[in-house]
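Heads up: the protein sequence lines correspond to chains V, L, H and B, in order. If you count by UniProt numbering, then the first sequence holds residues 1 to 298, one letter each, in order. If you count by UniProt numbering, then the second sequence holds residues 1 to 298, one letter each, in order. If you count by UniProt numbering, then the third sequence holds residues 1 to 298, one letter each, in order. If you count by UniProt numbering, then the fourth sequence holds residues 1 to 298, one letter each, in order. Since the structure comes first, as structure tokens, the remarks are kept for the end.
Protein chains: 4
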Amino acid sequence: MEIGILGLGKMGKNLALNLIDNGHQVVGYDRNSDTVKGAEKEGVKGAYSLEELVNKLSPRRVIWMMIPAGAPVDDTLERLSSILDKDDIIIDGGNSNFNNTLRRNEFLKELGLHLVDAGTSGGVEGARNGACMMIGAEDDVFDYLEEVFRDVNVENGYLHTGPTGTGHFVKMVHNGVEYGILQAIGEGFEILHASDFDLDYKEIARVWNHGSVIRSWLMELTKNAFSRDPYLDDIKGVVNSSGEGLWTVEEALKLKVPVPVIANSLFVRYRSQKEENFTGKVIAALRNEFGGHKVEKK
Amino acid sequence: MEIGILGLGKMGKNLALNLIDNGHQVVGYDRNSDTVKGAEKEGVKGAYSLEELVNKLSPRRVIWMMIPAGAPVDDTLERLSSILDKDDIIIDGGNSNFNNTLRRNEFLKELGLHLVDAGTSGGVEGARNGACMMIGAEDDVFDYLEEVFRDVNVENGYLHTGPTGTGHFVKMVHNGVEYGILQAIGEGFEILHASDFDLDYKEIARVWNHGSVIRSWLMELTKNAFSRDPYLDDIKGVVNSSGEGLWTVEEALKLKVPVPVIANSLFVRYRSQKEENFTGKVIAALRNEFGGHKVEKK
Amino acid sequence: MEIGILGLGKMGKNLALNLIDNGHQVVGYDRNSDTVKGAEKEGVKGAYSLEELVNKLSPRRVIWMMIPAGAPVDDTLERLSSILDKDDIIIDGGNSNFNNTLRRNEFLKELGLHLVDAGTSGGVEGARNGACMMIGAEDDVFDYLEEVFRDVNVENGYLHTGPTGTGHFVKMVHNGVEYGILQAIGEGFEILHASDFDLDYKEIARVWNHGSVIRSWLMELTKNAFSRDPYLDDIKGVVNSSGEGLWTVEEALKLKVPVPVIANSLFVRYRSQKEENFTGKVIAALRNEFGGHKVEKK
Amino acid sequence: MEIGILGLGKMGKNLALNLIDNGHQVVGYDRNSDTVKGAEKEGVKGAYSLEELVNKLSPRRVIWMMIPAGAPVDDTLERLSSILDKDDIIIDGGNSNFNNTLRRNEFLKELGLHLVDAGTSGGVEGARNGACMMIGAEDDVFDYLEEVFRDVNVENGYLHTGPTGTGHFVKMVHNGVEYGILQAIGEGFEILHASDFDLDYKEIARVWNHGSVIRSWLMELTKNAFSRDPYLDDIKGVVNSSGEGLWTVEEALKLKVPVPVIANSLFVRYRSQKEENFTGKVIAALRNEFGGHKVEKK
């Protein structure tokens, strides 16, 4: 199939190469023309404007956006909507908030365009060699695209989750679960690290990944991380968050679902990002007020 | 009544003066002889050894320990047990773990001595002018001492909680609740502090303390703290913990009582005490492994 | 001053009587005409339509809404906006989300109307005899109204928190803190209840309220509750939530403030409201899969 | 090698058969003589008393205990210690608390006996066909036994974690991590379940297990569980806990490691086990006291 990739960053370019490997024709566009040139060397047919991307594809066009969530997606859809033809398909392969996807779908549907949300997991490496996709789409649009999804994902690694919006929703929850699992692993190794025993974290991650109940890809990566740096001495304990954990908790709150583990995982990240612990200041000040406990001065 | 105060630190000395104000005779001992001399100037009859303390009191002796919890209490009880007379009374006014109190009571009971646990709240200021005490004691021992407890506490501010051990148990839970309340207040002010609004924290603490649902002594202290330092700029957000919050959680775990708020309050303190966030390092390393997310290097 | 009270439920009627006691003239309107009739018997000048309420007040009118947050407030403001005169003042005394207050203020400001948000704490009893109010308003509007706020609140019990919106914001955070404090108290008593000791909860709440660090109005109410029902045998452990705890957590998430205690307090309420624990089902099913641990069948 | 298996329950018997498959000679003992008879039919050499077990093995004996943690282990070690010969080896393959293992090792070492702790994961199925073991042992004892561990575990699935005690310690932390992961998965599916979308949980578990970041054995089991019962309608959401999660939190508390996720996972289980939510009762009663909010009566 002929596919237009919009956004040739780490994820987009790898997806393009993955498609080419599987016999598809890829036209690629990126705001950065050097990036387009780089991709051309690896077999992507380059486009240097959105219009050129659209023109180089023949209807029924399939344009797969691999761009940052938020305003960039809205801007791009606004522009695409005026140059695409009825029945063309746009796939949003980024981490858009599913509420935005639902809203955008309303707008595009009225123009006769089809929006597909393909929540993608597996990282950069997965985009290149086989990813995992949760796909929200109308039934007939999904059928039209299924061979492509079959090709770029690992075996058994794609699912038509339901109508447009469900792909990003299921991917969001996936990431929420990921937050909790990462925090659980982190806490386990912090206990090991705090104990008086002299332990080999890399070897422990290795054995936990062979035959144990918690064997998993993340445990394999844990082994890799400790192989590179046995005590993680070079790394600061600052953990960023890109939005999906937050959205998962926001959605859980709306649905009145108690999510202590996912929420606390997010709070741990927030605390790690801050220089100042104002809560701690208040408590330290109060302990000084009532008990004369010393505060640490700056 | 004649009372021996053992330990003339901030709490012990204030308690001694409180007793004297209320017409009791106080013999005071402290390991530090300068401390004893200081107390003598304020009306305390000084003793310069444990033996002198015991000898200066006439049976039925009442010795009130105001010393740090843990080994010092065990050592002192060991020594006292060999020089006191049958039926003498020892009050432990410190923050001993109630499990230790139960154990010590077994040992002292066999010698015919009576142990009373008087869990004390209200801080240094309360010890001087009226505290709050939760008192575990045999019924007749409590009756014997009740006038003393009536005198040194605020009106309505003492309770015979039950047999020996219950005083420290109820005081422990009191402190656990305190951990949760402090954290709730801290979180509230951190939200105010993070908002874009320009707010006066001292004034907010003031109004929250007059007529609102959360009016409390701690809110009064919050106002005082912000009066001294409007944004707590001089204070580091490091919060220590002296043991009772930990014991409350340990006891809750044994009793299978879910205590998310008290436990998380304790964890926030633990995190504030650490230079290094190993959990965060593990998660940052893993995010780098699977998503190529940058780690912050040291 | 002449004040129109819009909504004569528990809170509105008590506020009306409080105003009358303090020498103000009150015109009162409620959708339910029987409610208006009842209020007339207690000195309120009745109005049987919004229009009548507005007509019975002379400009510069002050209309104080005491109605449920959400759509009712929007509907009422819509209708009021077309019948009020420029410079009239509307006070929203309910628990509106401050984001809505900010939005509504934009709309009313363009019409020359003034919106004041008076976040009110102290419950039904406070509305009658002296409440606590956090008031967002333009400076001159606040000055115009200050005597009224002075009259209906306890001494020191009102604060001009800043421009319109800040009153509801500070009140929201107040309620968030309240969630945490309530949960801390609840956990404390659950530990007491689970222990083997035979304890008197009412007496413990009483002593904790005299001289201790955690003395507070809520502890006084705790004593009252246990006075009525020593083991709370008649009450189900289902805790509802009216929105402000949720909004506090949502706002904290947006501001990236870690609020483990407020959030977990909310989750405990959510769990208590549900018949079914789906998380628990999933874990029980998984423990059966990997360890053969028995699941409880329905 | 000749191995004595002590305890022929689900785990012990499967381990015995696993050993036999790998060419080892197994003498098996169980308190229940029918259990011994059953095992004899599958190739185990039966023993009908502890003494017979010991006598049927020739020194240097290796006795592998697969019995419930706690008192049974202490009793058995007490008895074994008087009938074994110097230098014999006892393996504790159960989920003993590592603090007990350290204590027992002190006692056995003085008698010249060697204690090995083999924390075992992988469930009943793993014991039969390849488990995962974390092994604490003196270096030379581990070397003596290594071929056995190599045989009964999956490839790469055993680790000499360090001296005696470390095996159970690392296994304990493994289970703590497991608590957190299970809760994260549970929360994710509860959000899916609460949403308005019509989703297929089995298919979602399937796709999450192919190429996604959270692919893992537990996700495979999640798919299996939903295959059996698509909405888990037949299962109650009651989750038991066998001790290791509790010990992990207790140990983290001692080490001052913040473990919000593991602790909250445990609290969720505790809450699920209780008929009555006393915390909830207290809060419901208090909301009634201050706000007139209705309580649900029993």
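Glycine residues also receive a C-beta, built at the ideal position from the N, C-alpha and C atoms. For clarity, every value in this text was computed on a predicted model and none was experimentally measured.
CB I5/V to CB M66/V, shorter than 8 angstroms? yes
Suppose you measure from the CA of K281/L to the CA of E187/V; what does that come to, to the nearest Å? 10 angstroms
What alpha helix (DSSP H) runs, 4 residues minimum, are completely inside the stretch 216-276 of chain L? 217-228, 244-255, 260-273
Would I191/V and I181/B be called neighbours here (beta carbons separated by less than 8 angstroms)? no
Just verifying my parser: in three-state terms, what is the DSSP assignment at Y48/H? coil
Tell me where the alpha helix (DSSP H) around A184/L begins and ends. 166-194
Element boundaries [beta strand (DSSP E), containing L8/L]: Where L8/L is concerned, there is no enclosing beta strand (DSSP E), given that its DSSP letter is neither H nor E.
Please list the residues of the stretch 232-252 of chain L that have a C-beta atom closer than 7 angstroms to any C-beta atom in chain B, keeping them in chain order. L246, V249, E250
With a Cβ-Cβ cutoff of 8 angstroms, do G292/L and V124/V count as a contact? yes
Spatial neighbours of I262/V within its chain, please: CB distance less than 8 angstroms, with the 5 preceding and 5 following residues excluded, ordered by chain position. G176, V177, Y179, G180, G245, T248, V249, A252
Determine whether the beta carbon atoms of G211/V and G157/B lie at a separation below 8 angstroms. yes
Would DSSP call L84/B helix, strand or coil? coil
Output, in sequence order along the chain, the residues in the stretch 178-197 of chain V whose CB is closer than 8 angstroms to any CB in chain L. L182, Q183, I185, G186, E187, F189, E190, H193, A194
Quick one: which chain L residues come within Cβ less than 7 angstroms of P59/V? Result: empty, since nearest Cβ-Cβ is about 35 angstroms, beyond 7 angstroms.
Among the candidates H24/L, K254/L, V259/L, G243/L, whose CA atom is the shortest distance from the CA of L255/B? G243/L
Cβ-based neighbour list, S33/B, same chain, cut-off 7 angstroms, excluding 5 preceding and 5 following: Y48
Would a C-beta distance cut-off of 8 angstroms place E285/V and I185/L closer than the cut-off? The sequence shown places Ala at residue 285/V, rather than the Glu named in the question. In this structure, I185/L does not lie closer than 8 angstroms to A285/V by Cβ.
Decide yes or no for the touch test of the stretch 196-208 of chain V against the stretch 204-218 of chain B: beta carbon pairs closer than 8 angstroms, at least 3 of them. no
Is DSSP giving N22/H helix, strand or coil here? coil
Does DSSP put G157/L in a helix, a strand or coil? strand
Compute the beta-carbon to beta-carbon distance between S81/H and L102/H, rounded to the nearest angstrom, for a pair I have assumed lies under 8 angstroms. Not confirmed; about 16 angstroms, so no contact.
Would you mind reading off the limits of the alpha helix (DSSP H) that contains V36/L? 33-40
For a test of the three-state rule: what should DSSP assign to A285/H, helix, strand or coil? helix
Cβ-based neighbour list, G167/V, same chain, cut-off 7 angstroms, excluding 5 preceding and 5 following: D117, A118, G119, M134, I135, G136, T161
Closest to Y29/L by C-alpha separation, out of N22/L, L17/L, K45/L, N14/L, would be which residue? K45/L
Chain H partners of E40/B, CB-CB under 9 angstroms? Ordered by position in chain H, no residue passes the 9 angstroms Cβ test against E40/B, which lies about 23 angstroms from the chain.
In whole angstroms, what separates the C-alpha of K86/H from that of R128/H? 31 angstroms
Could you check where the beta strand (DSSP E) with I204/L kicks off and where it finishes? Unbroken run through I204/L is the alpha helix (DSSP H), 201-208; no beta strand (DSSP E).
At what residues does the beta strand (DSSP E) containing G136/L begin and finish? 131-136
Would you mind telling me which residues of chain B sit closer than 8 angstroms to I3/H, beta carbon to beta carbon, in chain order? The contacting residues do not exist; I3/H stays about 23 angstroms from chain B at best.
Per DSSP, the bridge partner or partners of M65/V: L6/V, D92/V
Residue from R60/B, K56/B, N95/B whose Cα sits closest to the Cα of G12/B: N95/B
Starting from V295/H, trace the beta strand (DSSP E) in both directions and tell me its first and last residue. Note, V295/H: premise wrong, no beta strand (DSSP E); not H, not E.
Which first and last residues belong to the alpha helix (DSSP H) in which V152/B is found? 139-152
What's the gap between the Cα of L221/B and the Cα of H174/V? 16 angstroms
Contact set between the stretch 262-274 of chain V and chain L, restricted to residues whose Cβ is under 8 angstroms from the partner: N264, V268, R269, R271, S272
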